[in-house]
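Enquirer: This note's numbering runs 2 ahead of the 1-based position in the sequence shown.
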Amino acid sequence: MEVQTYELADGRALIVREADQNDAKTLLEFLPKVFEETDGLLMTRGEFDQSLREQMDLLGKLSASKTQLALVGHIDEELVGLLTFTGRDLERVRHTGEVGLIVAQEYWGNGIGKNMMRSLHFWAEANPLISKIDLRVRLSNRRAIHLYESLGYQVEGWIRRAVKIDGEYDDHYWMGKELPH
Ligand SMILES: CC(C)(COP(=O)(O)OP(=O)(O)OC[C@H]1O[C@@H](n2cnc3c(N)ncnc32)[C@H](O)[C@@H]1OP(=O)(O)O)[C@@H](O)C(=O)NCCC(=O)NCCS
Numbered sequence: 003m004e005v006q007t008y009e010l011a012d013g014r015a016l017i018v019r020e021a022d023q024n025d026a027k028t029l030l031e032f033l034p035k036v037f038e039e040t041d042g043l044l045m046t047r048g049e050f051d052q053s054l055r056e057q058m059d060l061l062g063k064l065s066a067s068k069t070q071l072a073l074v075g076h077i078d079e080e081l082v083g084l085l086t087f088t089g090r091d092l093e094r095v096r097h098t099g100e101v102g103l104i105v106a107q108e109y110w111g112n113g114i115g116k117n118m119m120r121s122l123h124f125w126a127e128a129n130p131l132i133s134k135i136d137l138r139v140r141l142s143n144r145r146a147i148h149l150y151e152s153l154g155y156q157v158e159g160w161i162r163r164a165v166k167i168d169g170e171y172d173d174h175y176w177m178g179k180e181l182p183h
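See below:
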């Protein structure tokens with residue numbers, strides 16, 4: 003996918019491009035920080051224990067894949083967001099994948115998440131192998147649900163007690179979007 007540039011409401015430019023192995027080191031600094039900032043993700047900061055080699059291998063695998071993707075978003079050369087679209091390499095489900103989306107908290111509410119999703123759609127719409135995008139989101143994550151609904155995602159399922167955080171359960175929605183092809 004070619005590099006995409008979006009102008010945010012405050013005039014700054016968001017640059018979205020496919021991640022490659024050279025991003026591994028920056029991601030290893032970014033990910034522990036963002037895991038600490040949110041409980042909207044499955045992994046906790048304490049569980050994140052990836053080596054540089056593992057991160058490079060993962061990015062290498064995603065960038066070599068025709069059906070999976072990792073996008074990074076930068077503002078003024080600072081990494082501000084990561085989007086992954088991952089799935090299994092089995093013939094019957096290769097047309098689908100699941101989104102993971104993280105924006106650094108100090109940048110929330112500037113349209114970064116929405117524009118990174120637009121870049122995913124740009125890639126997926128040009129990719130005849132992909133016809134369905136899935137994701138899971140906590141019911142309490144109103145910001146994320148609003149974002150996905152505004153981009154045409156629909157609730158397709160409801161997973162009760164999907165997560166347990168500090169002794170409290172929360173449910174997940176399965177949300178999805180079908181592509182035109
Ligand atoms: C969810 C997340 C990716 C959104 O990123 P973002 O860059 O803040 O998203 P955007 O600025 O593009 O859009 C946010 C939208 O939610 C709206 N919003 C903000 N707070 C909201 C709330 N409490 N309830 C409903 N909508 C809300 C904003 O107004 C905006 O909508 P608009 O474009 O119609 O004005 C980001 O908050 C994040 O990384 N959270 C932690 C990780 C996470 O939860 N990931 C998603 C897992 S499924």
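Ideal Cβ positions, reconstructed from N, Cα and C, are used throughout, including at glycine.
Measuring alpha carbon to alpha carbon, tell me which of LEU181, VAL36 and GLN52 ends up nearest ALA128.
Expert: Taking the sequence shown and counting its residues from 1, the one referred to as residue 128 is at position 126. If you compare the alpha carbons of LEU181, VAL36 and GLN52 with that of ALA128, the shortest gap goes to LEU181.
Enquirer: Let me check you understand the geometry: is the CB of ARG96 closer than 7 angstroms to at least one non-hydrogen atom of ligand 1?
Expert: Looking up residue 96 in the sequence shown gives position 94. No, ligand 1 has no heavy atom inside 7 angstroms of this Cβ.
Enquirer: How would you write the range of the beta strand (DSSP E) that ARG120 sits in, first residue to last?
Expert: Here residue 120 refers to the residue found at position 118 when the sequence shown is read from its first residue. Where ARG120 is concerned, there is no enclosing beta strand (DSSP E), although the alpha helix (DSSP H) it sits in stretches over 114–127.
Enquirer: Taking only runs that begin and end inside the segment 43–107, name each unbroken alpha helix (DSSP H) of 4 or more residues, in chain order.
Expert: 54–66
Enquirer: Whole angstroms is fine: what's the gap from ASP41's alpha carbon to TYR109's?
Expert: In the sequence shown, residue 41 corresponds to position 39, counting from 1. In the sequence shown, residue 109 corresponds to position 107, counting from 1. Whole-angstrom Cα-Cα distance: 17 angstroms.
Enquirer: So does ARG145 have its beta carbon nearer than 7 angstroms to some heavy atom of ligand 1?
Expert: For the purposes of this step, residue 145 is taken as residue 143 along the sequence shown, with counting starting at 1. ARG145 Cβ: within cutoff of ligand 1.
Enquirer: With distances taken from CA atoms, which of VAL139, SER133 and THR88 is nearest TRP160?
Expert: Counting from 1 along the sequence shown, the entry for residue 160 is found at position 158. TRP160 has its Cα closest to that of VAL139, out of VAL139, SER133 and THR88.
Enquirer: Report the residue from LYS166, TYR8, LYS179 and GLN156 whose alpha carbon sits nearest the alpha carbon of ASP78.
Expert: Numbered from 1 along the sequence shown, position 76 holds the residue referred to as residue 78. Of the candidates LYS166, TYR8, LYS179 and GLN156, the one whose C-alpha sits nearest the C-alpha of ASP78 is TYR8.
Enquirer: Out of curiosity, what's the CA-to-CA distance linking THR69 and ARG14?
Expert: If you number the sequence shown from 1, residue 69 lands on position 67. If you number the sequence shown from 1, residue 14 lands on position 12. Their Cα atoms are separated by approximately 31 angstroms.
Enquirer: Look at the Cβ atom of GLU20, then the Cβ atom of LEU73, and state whether they are nearer than 8 angstroms.
Expert: As a working mapping, residue 20 is identified with position 18 in the sequence shown. As a working mapping, residue 73 is identified with position 71 in the sequence shown. Yes. Within cutoff.
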